[in-house]
Each structure stands twice: as C-alpha cells, then as structure tokens.
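Take a look at the structure:
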C-alpha cells in the first residue's frame, strides 16, 4: 500500500466518521422529537379517558334526575286527579300544598342553575365533556402518527450508518419533518387533519 493510498483511506475514514457523527446527531434529534410526541400522546390519552369517564358519570346523573323528575311529576299529576275527592277544605289545602311542593321539586330536577345539577345543566356539562374527550382523542391520534413517523425515521437513519446509503438519511429527515408537522397539528389544530 502506497502512502497515497493510505492517505486516501484515512480521508475516506475521516469522511465516514464525520457522516456517522452527523447521522448520530440526526438520530438524537429524532429521538427527542419521539420522546416529546410520546409524552404529549400519553397526556392526550389520559385526558380522553378522564373526559370519557366524566361524561359517562354526568349522563348517569342525568338519568337519575330524569327518573326522579318523572316520579315526582307523576305523583303530583296523580294527586291532582284526586283533589276532587276531598270534602274537607283543610285536607284539600294540604293536598294542594303537597302537589305544589312536588311540582317545585320536579321543576328543580329539570333545571337547577344554582347547583348546576338539573337535567338541563347536567346534559350541557356532559356534552361539553364529550367535546373535550373527542378533542383529546384527536390530539392523541396525531401524536401517535407522529411517533410512528419518528420511529421509522430512526430506523432509516440507523440503516444509513450500516449501509452507507445517504438517501436513507434524507428520507429519515423528511419523515422527521412530517412528524413535527403532525405533532404541531395535534397541538394547535387537530381538527384540520381528520384521523380515524
């Protein structure tokens, strides 16, 4: 081996080492992006589950209020029908007072802005929790898609080191940019790109 060949091999090894360092840096950046998208994804998934439980609880409470409302309203209606059977004015007045109390209770079960636990308020709160759940689910899907892009990018960048095919690093870079874009959509506008 001549000195010239030896110098060429040394230069080639130096270039390969520099390329490998650049690829390693690319992999580190992609891994950082992956960690961020995974963290955001787990947060969105937890939020989605939490809001799903909240909406289910609110709808169950709504159903309980509906049953109570129907029961009290039925009792009031039935008592109204029996008012004509009272000959004693005091008994009739007492029955009317009970009917009025039941109707007030039924009205409170229907709408109770003070406590926020009337049927109208509960259904509004349940729908709001469902909207928040759906938003968190959409974010989660974006972060999962971005994580997949980052994982594939890491594999391709790693394959560049082994194979020496630099075009794999370029594809890896494009996937990384796509993953960053999908992550940004998940954060700022998850409705723009509808995902299943």
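Numbering (my numbering), first residue to last: 20 to 215.
Idealized CB from N, CA, C, for every residue including glycine.
Computed from a predicted structure; not experimentally measured.
Taking the alpha-carbon positions, what's the residue i to residue j distance?
i: residue 97; j: residue 160; result: 53 Å
i: residue 185; j: residue 179; result: 6 Å
i: residue 176; j: residue 53; result: 14 Å
i: residue 19; j: residue 113; result: Residue 19 is absent from the model: the chain starts at 20 and stops at 215.
i: residue 66; j: residue 195; result: 26 Å
i: residue 59; j: residue 148; result: 20 Å
i: residue 171; j: residue 205; result: 19 Å
i: residue 119; j: residue 130; result: 16 Å
i: residue 45; j: residue 64; result: 28 Å
i: residue 99; j: residue 115; result: 8 Å
i: residue 79; j: residue 72; result: 11 Å
i: residue 57; j: residue 202; result: 10 Å
i: residue 61; j: residue 150; result: 19 Å
Answer yes or no: do residue i and residue j have a C-beta to C-beta separation smaller than 7 Å?
i: residue 138; j: residue 84; result: yes
i: residue 168; j: residue 198; result: yes
i: residue 121; j: residue 94; result: yes
i: residue 91; j: residue 125; result: yes
Buried or exposed for residue i, please, with buried defined as at least 16 other CB atoms from any protein chain shown within 10 angstroms of its CB.
i: residue 132; result: exposed
i: residue 207; result: exposed
i: residue 47; result: exposed
i: residue 209; result: buried
i: residue 82; result: exposed
i: residue 89; result: exposed
i: residue 37; result: exposed
i: residue 49; result: buried
Whose C-beta lies closer than 8 Å to the C-beta of residue i among residues of the same chain, with five residues either side of it excluded?
i: residue 51; result: none
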